[in-house]
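Novice: Protein chains in written order, with my numbering: chain A, 3 to 316; chain B, 452 to 879. Yeah, the Cβ is synthetic: ideal placement off N, Cα and C, and Gly gets one too. It should be emphasised that the depicted structure is a prediction, and the values quoted were computed from it without experimental measurement.
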Amino acid sequence: MALKRKDILGLRDMTQEEIVKILDTAETMKHILKQNNKKTRHLQGKSIVNLFYENSTRTRLSFELASKYMSASSANISASSSSVAKGESLIDTCRTIERMGADVIVIRHPMSGAAHIAARHVNTSIINAGDGMNEHPTQALLDLFTIRETKDTIEGLKVAIIGDIYHSRVARSNIWGLSKMGAKVAVAGPSTLLPIELDKTGTKVYQSVEEAVDGADVVMLLRLQKERQQKGLLPSLREYSQIYGLNMERLKLAKKDVLLLHPGPINRGVEITSDVADGIHSQIQEQVTNGVAVRMALLYLITRQRGQHDASLY
Amino acid sequence: MLLCISNGNIINGKGGVFLGKDILIEKDRIVEIGTNLSKNVHRVIDATDMWVIPGLIDAHCHLREPGFEYKEDIVSGTRSAAAGGFTSVACMPNTEPAIDNAAMVQYIKLKSASEGKVRVYPIAAITQGRKGKHIAEMGEMKKAGAVALSDDGDPVSDANVMRLALEYAKQFGLLIISHCEDKSLVADGVMNEGYVSTILGLKGITRAAEEVMVARDVILSEITEAPIHIAHVSTAGAVDIIRHAKSRGIPVTCETAPHYFSATDEWVENYDTNAKVNPPLRTQRDVEAIKEGLRDGTIDIIATDHAPHHIDEKEVEFNLAANGISGFETAFSLSYTHLVDTGLLSLEELVAKLSTTPAQILGIPGGVLDIGLPADITIVDTKREYIVNRDKFYSKGKNTPFHGKKLKGKVIYTIVGGKVVYDKEVLT
Chain A
3 MALKRKDILG LRDMTQEEIV KILDTAETMK HILKQNNKKT RHLQGKSIVN
53 LFYENSTRTR LSFELASKYM SASSANISAS SSSVAKGESL IDTCRTIERM
103 GADVIVIRHP MSGAAHIAAR HVNTSIINAG DGMNEHPTQA LLDLFTIRET
153 KDTIEGLKVA IIGDIYHSRV ARSNIWGLSK MGAKVAVAGP STLLPIELDK
203 TGTKVYQSVE EAVDGADVVM LLRLQKERQQ KGLLPSLREY SQIYGLNMER
253 LKLAKKDVLL LHPGPINRGV EITSDVADGI HSQIQEQVTN GVAVRMALLY
303 LITRQRGQHD ASLY
Chain B
452 MLLCISNGNI INGKGGVFLG KDILIEKDRI VEIGTNLSKN VHRVIDATDM
502 WVIPGLIDAH CHLREPGFEY KEDIVSGTRS AAAGGFTSVA CMPNTEPAID
552 NAAMVQYIKL KSASEGKVRV YPIAAITQGR KGKHIAEMGE MKKAGAVALS
602 DDGDPVSDAN VMRLALEYAK QFGLLIISHC EDKSLVADGV MNEGYVSTIL
652 GLKGITRAAE EVMVARDVIL SEITEAPIHI AHVSTAGAVD IIRHAKSRGI
702 PVTCETAPHY FSATDEWVEN YDTNAKVNPP LRTQRDVEAI KEGLRDGTID
752 IIATDHAPHH IDEKEVEFNL AANGISGFET AFSLSYTHLV DTGLLSLEEL
802 VAKLSTTPAQ ILGIPGGVLD IGLPADITIV DTKREYIVNR DKFYSKGKNT
852 PFHGKKLKGK VIYTIVGGKV VYDKEVLT
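1. Flag residue 313 (chain A) as yes if its beta-carbon sits less than 8 Å from any beta-carbon of chain B, otherwise no.
2. List the DSSP bridge partners of residue 742 (chain B).
3. Could you tell me if residue 622 (chain B) is buried or exposed, where buried requires 16 or more neighbouring beta carbons within 10 angstroms of its beta carbon?
4. Using a Cβ-Cβ distance under 8 Å, would residue 116 (chain A) count as near chain B?
5. What does the Cβ neighbour count give for residue 118 (chain A), buried or exposed, with the cut at 16 atoms within 10 Å?
6. Considering only residues of the same chain and omitting the five flanking positions on each side of residue 313 (chain A), which have a CB-CB separation below 7 Å?
7. Keeping to the same chain, check which residues put their C-beta closer than 8 Å to that of residue 97 (chain A); ignore five residues upstream and five downstream.
8. Taking all protein chains shown into account, decide if residue 81 (chain A) is buried (16 or more other Cβ within 10 angstroms of its Cβ) or exposed.
9. What are the residues that DSSP puts in a beta bridge with residue 837 (chain B)?
10. Is the Cβ of residue 23 (chain A) closer than 8 Å to any Cβ of chain B?
11. Can you tell me which of B:781, B:853, B:798, B:495 puts its alpha carbon nearest to the alpha carbon of residue 715 (chain B)?
12. For a test of the three-state rule: what should DSSP assign to residue 590 (chain B), helix, strand or coil?
13. Between the region 76–103 of chain A and chain B, which residues of the former have CB atoms less than 8 Å from a CB of the latter, in chain order?
14. Is there contact between the region 176–189 of chain A and the region 225–237 of chain A, where contact requires at least three CB pairs shorter than 8 Å?
15. Might you give, ordered along the chain, the residues of its own chain that have their beta carbon closer than 8 Å to the beta carbon of residue 831 (chain B), omitting 5 neighbours on each side?
16. Between which two residues does the beta strand (DSSP E) holding residue 810 (chain B) run?
17. Can you name, in chain order, every residue of its own chain whose Cβ lies under 6 Å from the Cβ of residue 795 (chain B), other than the five neighbours on each side?
18. For the alpha helix (DSSP H) containing residue 31 (chain A), list its first residue and its last residue.
19. Taking only runs that begin and end inside the region 639–671 of chain B, name each unbroken alpha helix (DSSP H) of 4 or more residues, in chain order.
20. Determine, using beta carbons only, whether residue 316 (chain A) comes closer than 8 Å to chain B.
21. Who are the near neighbours of residue 617 (chain B) in its chain, counting only those whose CB is closer than 8 Å to its CB and skipping five residues on each side?
22. When the Cα atoms are used, what is the spatial distance from residue 243 (chain A) to residue 700 (chain B)?
23. What separation, rounded to the nearest whole angstrom, lies between the Cα atoms of residue 873 (chain B) and residue 533 (chain B)?
24. Is residue 50 (chain A) near residue 300 (chain A), with beta carbons less than 8 Å apart?
25. May I ask you to list, following chain order, the residues of the region 628–654 of chain B that have a beta carbon less than 8 Å from some beta carbon of chain A?
26. Could you give the C-beta distance for residue 545 (chain B) and residue 587 (chain B), rounded to a whole number, given that I count them as a contact under 8 Å?
27. So with CB distances below 8 Å, who are the chain B contacts of residue 113 (chain A)?
28. According to DSSP, is residue 65 (chain A) helix, strand or coil?
29. Among B:763, B:808, B:876, B:633, whose alpha-carbon lies nearest the alpha-carbon of residue 89 (chain A)?
30. Taking any Cβ of chain B, which residues in the region 133–144 of chain A have a Cβ under 9 Å from it, in chain order?
31. Going by CA-CA distance only, name the one from A:297, A:302, A:303 that's closest to residue 141 (chain A).
32. Can you give the beta carbon distance from residue 684 (chain B) to residue 463 (chain B), rounded, assuming they're within the 8 Å contact cut?
33. With 7 Å as the limit, tell me which residues of the region 517–531 of chain B have their beta carbon closer than that to any beta carbon of chain A; keep them in chain order.
34. Could you round the C-beta distance between residue 222 (chain A) and residue 290 (chain A) to whole angstroms and report it? I think they count as a contact, below 8 Å.
35. Closer than 7 Å, Cβ to Cβ, to anything on chain A: give me those residues from the region 705–739 of chain B, in chain order.
36. The alpha helix (DSSP H) spanning residue 555 (chain B) covers which residue range?
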């Protein structure tokens, strides 16, 4: 079984069946991660290039380690230290990487749709590692994985996503992924940071954190970027943390066994208090581990379906 | 040289419809309209089952010369216009350098007279360098041949500059065409703000960015009693504001472009940069309001806003892509398909919107077929269906979201001053 697609661009166009396939494969990968010897040959002979136009710690490192654990040849390019700085276009850059033999290009880009445009112009598989405000599918998949691992199922759960929904690709991918898996999604944040007509996706939109968190099985926090205040979307970070920050008192409105997630990096004292971030409900650290497993699964599935018959190694 | 357009159905642009009549053209003028005029002429164009209408007139296009000849130039742009059935076009001054002085106006006039396939009327800048700060030498530009003024592409953001421009232009009888866009409300938006921008994660442009400035400009028009023409109306709210202004007797006219009644923001799906245009494609509700505005006369004319771009400016990230649609060669067909074939307008009404009224608003010849007038004539086959193929565009700009779409109603001949410039769908 493989994914019948060339690229992983987002969860909006993915089916529940595909998501389940990825999560199931990631379970196997997590076993490998826990082994003493983390080397497998799943991607032997494959070439993975990480093309990052934005800074990243978790996503980039987890893709790189996922490639290495599975014996792929991998390389990293940063926009700042490549021909991109000389003005090379995204499409030209991707074509260049393709002609060097890359099987997969993992793209992180500050503009929405960048991965889609790249995917239209090369035959190499593209994995979207975050495009502007649009999607961050691998993050949402690791969130789904963590939820399923903790709660056994995703269907029927109430998941509250709190914070800057407007600018968040993590929120968008999770909204698509969670609703496809049968969860009920509620979001809350200041109205200047909520996208218009979001309710049309089936998401419940609240302006109070309390309402969104009430009875939630999962609470997912988003990082509040400090430039939102500079651009005038918020009066102050202090007021934000007072009204929208997640503290113990607000978390108590959720179910007793609530699962707390955050894609990182955390702004302690802004969107979340430290006692919550480090408390018993938090699986923030486990998310990081699961991120490697999910990316191993994606790299494996996306390279297998391209007609390269080395499946016997699996 | 005698040319006869034989057995066509004629719409003369002043209320007359004549079925199965001939038009006789001698040199550059119409000399007779009647029957059996095809004897002893040099050429007969058989217009049986076709409509013979006044040559189309575009009040808003970008020919890109000088400065951006890689996108379009006067030769390619007027060839494209001819293929679209346009016999006269008014070109915007957002060139490099800008058309903001008499010498530049004359340059466009001379260049287009010697190289152009169709008549070109320059629209000059409202402000020096199109910077929105200081009004340009309007009197001299008028003398040189400017037919209107606009900083199109950019708004005149300073309300007092706009007020002064309206007052100053009025004394020369020059019309101001306003590109209404409050840049502070646009912020860094790249498409219409709505459900589609939300799900694509693209920053939205609120309708208020257009409507706030439309409201400002009709108020300034009222206070100065100077006529104003609102360019490329795209929102339901803007139509309402203009309808209200007209009911108060404010001398406002306006245009929309074919894409604002033929496409919606859903066309941006999958980040199609060919659907990136400014103002942005709106929603179905806006499309319906634009159509109603066309029907009830609030929207006076249809202009193409022909905005050709090089492919390299479109095959990039959506945020980086240039705004604009190459519009000459689909304008008539889109209008016919969405307005006439649907029963919203009669063909006569469409001819008024695409020819007669634009001529009146700009104060230029054309828009009417009559004895003694220049033979600027377009012949269309309204039964003809075809698939838009941008690779066959005469424009350098292949940037259209309508590629591959099936449309009805096609331009077959374009005649400028008695000369057949587009002949059975081929440029001559």
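Specialist: Checking against the coordinates, here is how it stands:
1. Per-residue confidence for residue 313 (chain A) stands at a pLDDT of 42, beneath the threshold of 50, marking its modelled position as unreliable; no derived number is given.
2. Residue 742 (chain B) is not bridged to any residue.
3. Residue burial annotation: residue 622 (chain B) is exposed, with fewer than 16 other C-beta atoms found within 10 angstroms of its C-beta.
4. yes
5. That one is buried.
6. Confidence at residue 313 (chain A) is low in this model, with a pLDDT of 42, below 50, so the placement of that residue should be treated as unreliable; the coordinate-derived value is given next. Only 306 meet the Cβ criterion.
7. Taken in chain order, the residues that qualify are 123, 124.
8. buried
9. B:858
10. no
11. B:853
12. helix
13. 91, 92, 93
14. no
15. Contacts found: 501, 502, 504, 536, 783, 787, 860, 861, 862, 863.
16. Here residue 810 (chain B) belongs to no beta strand (DSSP E); instead the alpha helix (DSSP H) covers 808–813.
17. 742, 746
18. According to the DSSP assignment, residue 31 (chain A) belongs to the alpha helix (DSSP H) that extends over 18–36.
19. 646–651
20. Unreliable placement is indicated for residue 316 (chain A), whose pLDDT of 38 sits below 50; no coordinate value is reported for it.
21. Within the same chain, residue 617 (chain B) has close Cβ partners 627, 671, 672, 675, 677, 679.
22. 53 Å
23. 6 Å
24. Taking 8 Å as the Cβ cut-off, residue 50 (chain A) and residue 300 (chain A) do not qualify as a contacting pair.
25. 644, 645, 646, 648, 649, 650, 651, 652, 653, 654
26. In fact, because the Cβ distance is near 13 Å, the residues do not count as touching under 8 Å.
27. 768, 769, 770, 771
28. helix
29. Among B:763, B:808, B:876, B:633, the Cα nearest to that of residue 89 (chain A) is on B:763.
30. 133, 134, 135, 136, 137
31. A:297
32. No, residue 684 (chain B) and residue 463 (chain B) are not in contact; Cβ-Cβ is about 28 Å, not under 8 Å.
33. none
34. About 15 Å; that fails the 8 Å criterion.
35. 721, 722
36. 553–566
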